[in-house]
Amino acid sequence: SQQGEEDPQALSIQEGENATMNCSYKTSINNLQWYRQNSGRGLVHLILIRSNEREKHSGRLRVTLDTSKKSSSLLITASRAADTASYFCATDARGGSEKLVFGKGMKLTVNP
Amino acid sequence: NAGVTQTPKFQVLKTGQSMTLQCAQDMNHEYMSWYRQDPGMGLRLIHYSVGAGITDQGEVPNGYNVSRSTTEDFPLRLLSAAPSQTSVYFCASSYNTGELFFGEGSRLTVL
């Protein structure tokens, strides 16, 4: 079964709005990562947060991690049309980075 | 650097045929993995390797073989293709720090 589950499964917003995506997982982790996938392309790493971190920022991205609730959120501020993509969370619940477990993904559409 | 290179990008096979998906990386990463991506299923791990000569099974290994004779290459072999193996296949590599670098994918259709 999937370790990570993104919520919502799809989100449509207007340019300039903020987008928040949530990820829940089931077992203990060392780190959680977020990836972006543009249509027809490979996944691109966005950010990694370790289990002893609560919040991390990278440009317009803000990631939080609550290990007590086994959940993470990805916030994209001031969204742009170019942010339109699928977003995946991934955990190392089964070991290291060689066997990450991915969620099913969330489709974000940013309308110009 | 080219990063992670996958070939072919597209392939159509008939049931029962065999083929090899190639994956090469030029970042000297020890870890390499193969995933398949199906609609509504996310990415599922097929096989992975933590170094040359070392491979192991992931979540969905049946029908696939891998080998890792060099650090750079990690080919995925389909032994006898089945329609259930129609999917998009992604190769990825990493250091042991966590961040995966993905190829652009190989889109396989089995008729």
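Chains A and B, in that order, are what the protein sequence lines are. Numbering of the first sequence is given in the working numbering, commencing with residue -2 and proceeding in unit increments. Numbering of the second sequence is given in the working numbering, commencing with residue 29 and proceeding in unit increments. Backbone N, C-alpha and C fix where the C-beta goes; we use that ideal spot for every residue, glycine too.
Taking DSSP as the reference, what is the three-state secondary structure of residue i?
i, result
"A79(A)", "helix"
"S94(A)", "helix"
"S(-2)(A)", "Because S(-2)(A) sits at a pLDDT of 37, beneath the cut-off of 50, its placement in the model cannot be relied upon, and the following sentence gives the value as read from the coordinates. Note: S(-2)(A) maps to coil in three-state DSSP."
"S46(B)", "coil"
"S9(A)", "strand"
"S112(B)", "helix"
"M103(A)", "strand"
"M18(A)", "strand"
"R96(B)", "coil"
"M60(B)", "strand"
"S134(B)", "strand"
"R105(B)", "strand"
"I74(B)", "strand"
"L41(B)", "strand"
"D54(B)", "coil"
"V88(B)", "coil"
"V125(B)", "Reading off the sequence shown, one finds Thr at residue 125(B), where the question assumed Val. Coil, per DSSP."
Report buried or exposed for residue i, applying the criterion of at least 16 other Cβ atoms within 10 angstroms of its Cβ.
i, result
"H57(B)", "buried"
"Q30(A)", "buried"
"T81(A)", "buried"
"H54(A)", "exposed"
"G100(A)", "buried"
"V41(A)", "exposed"
"T24(A)", "exposed"
"A109(B)", "buried"
"Q11(A)", "exposed"
"S(-2)(A)", "Any reading at S(-2)(A) needs caution, since the residue's pLDDT is 37, under 50, leaving its predicted position unreliable; the model's value is listed next. The residue in question, S(-2)(A), is exposed, as its Cβ has fewer than 16 Cβ neighbours within 10 Å."
"N28(A)", "buried"
Could you check whether residue j and residue i sit closer than 9 Å to each other, using their CB atoms as the reference points?
i, j, result
"G81(B)", "R96(B)", "yes"
"N124(B)", "E95(A)", "yes"
"L128(B)", "S77(B)", "no"
"S70(A)", "V60(A)", "yes"
"S122(B)", "V138(B)", "no"
"D89(A)", "G68(B)", "no"
"G39(A)", "G79(B)", "no"
"P109(A)", "A87(A)", "no"
"I74(B)", "Y92(B)", "yes"
"G70(B)", "F85(A)", "yes"
"S83(A)", "L97(A)", "no"
Could you tell me which residues DSSP pairs with residue i in its beta bridges?
i, result
"A80(B)", "DSSP output for A80(B) lists no bridge partner at all."
"D89(A)", "DSSP lists no partner for D89(A)."
"T61(A)", "E52(A) and S70(A)"
"I44(A)", "W31(A)"
"N108(A)", "Q11(A)"
"A120(B)", "S61(B) and F130(B)"
"E3(A)", "C20(A)"
Taking 8 Å as the cut-off, is the C-beta of residue i nearer than that to any heavy atom in the ligand SAH?
i, result
"N35(A)", "In terms of ligand content, the structure shown is empty, and the ligand SAH therefore cannot be addressed."
| said: Check whether the stretch 29 to 38 of chain B and the stretch 113 to 122 of chain B are in contact - that is, three or more C-beta pairs closer than 8 Å. | reply: Pairwise C-beta distances place the stretch 29 to 38 of chain B in contact with the stretch 113 to 122 of chain B, as three or more of them are shorter than 8 Å.
| field | Meets three-Cβ-pair contact criterion under 8 Å: the stretch 61 to 80 of chain A and the stretch 9 to 19 of chain A | value | Counting C-beta pairs closer than 8 Å gives three or more between the stretch 61 to 80 of chain A and the stretch 9 to 19 of chain A, which meets the contact rule.
| query | Are at least three pairs of beta-carbons, each pair with one atom in the stretch 34 to 49 of chain B and one in the stretch 41 to 48 of chain A, less than 8 Å apart? | reply | no
| said: Check whether the stretch 1 to 12 of chain A and the stretch 100 to 109 of chain B touch, using three or more Cβ-Cβ pairs below 8 Å as the test. | reply: A contact between stretches requires three or more CB pairs, one per stretch, nearer than 8 Å, and the stretch 1 to 12 of chain A fails this requirement with the stretch 100 to 109 of chain B.
| task | Evaluate contact between the stretch 30 to 44 of chain A and the stretch 39 to 55 of chain B, counting only Cβ atoms and requiring at least three cross-stretch pairs below 8 Å. | result | Judged by Cβ distances under 8 Å, the stretch 30 to 44 of chain A makes no contact with the stretch 39 to 55 of chain B, as fewer than three pairs qualify.
| message | Can you pull out the residues from the stretch 4 to 31 of chain A whose beta carbon lies closer than 7 Å to at least one beta carbon of chain E? | response | Absent from the structure: chain E. Protein chains present are A and B.
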